[in-house]
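Protein chains in written order, with the UniProt record's numbering: chain A, 1 to 239; chain B, 1 to 841.
Notes follow the structure.
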């Protein structure tokens, strides 16, 4: 019995820790079962913020200023009847911020790595972004490669085939997308979530690891007992 | 209900003048449902740390609940511009325990008042009125509402369930609730209620024996609720009062007597002693039913025996809550008060597993042998086949009219004869009792329509006739497609609100340029942060992986703070490359183009990177001897990028053998002769810079031809710092080897491995000190202690035992005039001598 209690206490500590560590979270009843943390990385000007904006607002943001820091966006999506809150951290791409942005990789469940199909240099830098991602995230972090600006076919410098080969070699998911037209944007974010969810279902992601980037929420917040958390799942969903 | 309606209109007419500008009222209204009226909005505030948080205390009444409450919304500013700005803080039900008190005992808190509601536990919430003058009015309105509520009977329809929509539920659920009308449809449901006091008779054989009672409706019922009183129960099972299985024979007969051609299934049967209730539903309906719960209340002798009382079954069909009650109330003429009490006892005592009471249902059907009689009167009642006349004397109708029982319940027109008391197996009344309408079916709730209500004369085995009622009920149901669509819209809206309401601040610059930055000269700069969102924003500088928010040569003030709406503040940065931080700055310059990147973190929001730059004016202080030996002109002629390049130069080629800056200082001190007396007082004093220190800095950095501009002490201090400030100690990387060397000869082998600039500086320094000591200007021990700790500075070795005395002993060994050393040192000494002439040339 005391063992159970200590486990419960540790769970509560963990939850408190996560709540504290995690912005955009309230202690109010939750509208979702999971939170996945995403980061968006890639060279300056490849359209990271525009992709985020297109995903959260379904609008193209023209004349988007350079991100000087880290922006947040959230959206609740549904995978397999589960509500998942995506918490997306959009990082600055400028080289001088590279060292600072490294501290944001920690705890990401998904990494969207973006290049610009019309600028080869942004594609050439992918291996360095990939190295950072592999070094700074959990091995089960899902990395999704996005070739942005697919609407600018006439000035394309990187072919789909070339990038696809790079993605396959490195085990990355891949799509070409356009933050301007919205093409494949939804797909990239949702595919990433499906893959993370699949990893959870197949037990490849340890939810207890603080760096998994996933938080599981019982639908009904209950601090009283383990059993009520377990049984509260289905019909008391607060959404 | 009507009474409550009246009081609302009274309340609102008296509250008309103080209701704030229409826009605020309209905005607040959006947070409430249609049948909820806002009676008063009182603006107040709470103290939260050093900040004031505005709260709108909204006094609301609910038509469906018949109750009042105060909902406290926090908001960032008034007047409101959008409903999104309202955040529900607390909900205070104006129940019996509700208190609104103004605290006038302490002078400081003279305006303070507190709210307390029984449902919230023993916690009081303190508020301060924004306009003191209005408080009295608010107070009077609230007290008036409370008085109206307590005046009403406690067992009436009043409830606070409507408040659940405002408490402890997520934003999404609240929003969905508000838009209920967009996805709720009403599912037509036929409910067949039946009651019969069977007078302990066995069930008749014959599988369709009950069909005349249970198959009367035109259309097939969806739900049957059948109540039996005085069910025959064998004595041995009497005691187990909650035994679910009543009598298989009865149940079988019931099932077989249902509407023909339709498949039914038992949902729940429940018995308390002889009072039995069963709910049977059409098979496909079963999966739409949730939360089937049952309970009983015993009445009768000592209210405990259970020969009288009630059983009830609660269920949820889609979004509608339905309750069926079967009761057998106190018998005999003249016992109406006892029957009323039994009714009260059942209403007050019946609660289900989830805490729900009978009144907490949308649709309530109460059936049974209620036992209310016709009043005795002389002469005997008129013809028994004229119900209209008989019902004038009906106790139940009279008690209901007087609000003594079944308040809020309805009953259909009775067009049948009294159902009690018959001589068994006949249609003849047993005239020893006054014929009465004992067996009744009542209902309460919304969207219920009675289709049929009748008794069955053809069933004769009991002294009661069975009664049935058929209802058409519209049950609230979600249209799944519509619900899905609304839910998606709501989720999207909530996401958008969350993204839009993310705390936002703006900064007027993200690059802070300090311009010219010099060693030992503080400078400051600032930038402004603005709150650009409708929320209070908390910001702080985030720790980076080095455990501090900025480099040691920077100071930030304030490091964290709050910004109210529409406010701004300046954040000051102070840059000071002093003796403690210069090596850090030079290290940064060697690897970066900026001085630092700060992370300005907005609580619950984004991070902004603030880049700190400037143009560092190189100085000899902090540079290594190697770097200084690569210069070909005064350091003041170098730019930051040029010095960066020099610092990163690792070639073994040097322009000079010893830094000119070092030599100039030694040379100056040497020429002062006896004036140098005691110029190196202690190790600790080196960091307390003299007032004329910067003059020495400029003299050295410009290779000035002018006379030395400061005192001998300052020159000595500059010498110590020149040796002490570089990132690495002069004798690295051999400090550990040197400290562990057994002999001078062994140590000398390591000295020879030092880079030429470091070796030359070391030997030249030792020679200079030796001469000073021999001349009696310096104390050997003092000098050895001071220079030993500087030249052998090492964080690893300082933990060694006797580290300080070892440093001292090492220095003494090299400073002391020793023939052997002179012999060895002559080479280097000669070298430095040559160089000194070279420098002078």
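We treat Cβ as the ideally placed atom computed from N, Cα and C, and that holds for glycine.
In terms of beta-carbon proximity, residue 611 of chain B lines the interface with chain A, with at least one pair separated by less than 8 Å. Contact with chain B is absent for residue 144 of chain A, since none of that chain's Cβ atoms lies less than 8 Å from the residue's Cβ.
Note that the stretch 491-501 of chain B touches the stretch 73-84 of chain A; at least 3 beta-carbon pairs, one per stretch, sit closer than 8 Å.
Here residue 104 of chain A is near residue 91 of chain A, since their CB atoms are less than 8 Å apart. In this structure, the straight-line span from the alpha carbon of residue 684 of chain B to that of residue 775 of chain B is close to 25 Å. For residue 79 of chain A, no Cβ of chain B is located within less than 8 Å of the residue's own Cβ.
Taking the Cα of residue 262 of chain B as reference, the smallest distance to any Cα among B:289, B:219, B:471 and B:291 is reached at B:219.
In this structure, A:198 is the residue among A:198, A:69 and A:117 with its C-alpha nearest to the C-alpha of residue 79 of chain A.
Chain B places no beta carbon closer than 8 Å to that of residue 95 of chain A, leaving this residue out of the contacts. For chain B, the residues of the stretch 53-82 of chain A that bring a beta carbon within less than 8 Å of one of its beta carbons are 56, 57, 68, 69, 70, 71, 72, 73, 74, 75 and 76, in chain order. The three-state secondary structure of residue 703 of chain B, taken from DSSP, is coil.
Contact annotation for residue 92 of chain A against chain B: 609 [CB-CB distance below 8 Å, chain order]. Counted as a single uninterrupted DSSP element, the beta strand (DSSP E) harbouring residue 87 of chain A occupies residues 82-91. Against chain A, the CB of residue 510 of chain B has a partner CB under 8 Å away; the residue lies at that interface.
Residue nearest to residue 641 of chain B within the set B:592, B:781 and B:94 is B:592 (criterion: CA-CA distance). Bridge partners of residue 271 of chain B according to DSSP: B:276.
Residue 103 of chain A has a beta carbon lying within less than 8 Å of a beta carbon in chain B. In this structure, residue 503 of chain B and residue 537 of chain B form a Cβ contact; the two beta carbons are roughly 4 Å apart against a cut-off of 8 Å. Of all residues in the stretch 75-95 of chain B, none has a C-beta nearer than 7 Å to a C-beta of chain A.
Taking C-beta atoms as the reference points, residue 274 of chain B and residue 231 of chain B count as a pair closer than 8 Å.
The DSSP-derived three-state label of residue 693 of chain B is helix. In this structure, the straight-line span from the alpha carbon of residue 355 of chain B to that of residue 447 of chain B is close to 24 Å. In the structure shown, residue 284 of chain B adopts helical secondary structure according to DSSP, grouped into three states.
Within the stretch 153-183 of chain A, the beta strand (DSSP E) runs of at least 3 residues that lie entirely inside it are, in chain order, 173-176. At a cut-off of 8 Å between beta-carbon atoms, residue 566 of chain B makes no contact with chain A. A straight line joining the alpha-carbon of residue 131 of chain A with that of residue 113 of chain A spans about 11 Å.
Residues of chain B whose Cβ lies closer than 8 Å to the Cβ of residue 100 of chain A are, in chain order, 544, 597, 599 and 609. Between the beta-carbon of residue 53 of chain A and that of residue 44 of chain A there is about 16 Å, and that puts the pair past the 8 Å contact cut.
Straight-line spacing of the CA atoms in residue 119 of chain A and residue 153 of chain A works out to 12 Å.
Restricting attention to beta strand (DSSP E) runs no shorter than 3 residues, the stretch 444-525 of chain B encloses them at 448-455, 467-478, 505-507 and 511-517, ordered along the chain. Of the residues B:213, B:649 and B:184, the one whose Cα lies closest to the Cα of residue 197 of chain B is B:213. DSSP places residue 250 of chain B inside the alpha helix (DSSP H), whose first and last residues are 248-256. Contact check for residue 578 of chain B and residue 635 of chain B: beta-carbon distance about 18 Å, past the 8 Å limit, so the pair fails to qualify.
Residue B:718 holds the alpha-carbon nearest to the alpha-carbon of residue 667 of chain B among B:628, B:633 and B:718. The residue from B:614, B:46, B:191 and B:456 with its alpha-carbon nearest to that of residue 127 of chain B is B:46. Inside the stretch 539-576 of chain B, DSSP marks whole beta strand (DSSP E) runs of 3 or more residues at positions 554-557, 560-563 and 568-575, from first to last along the chain.
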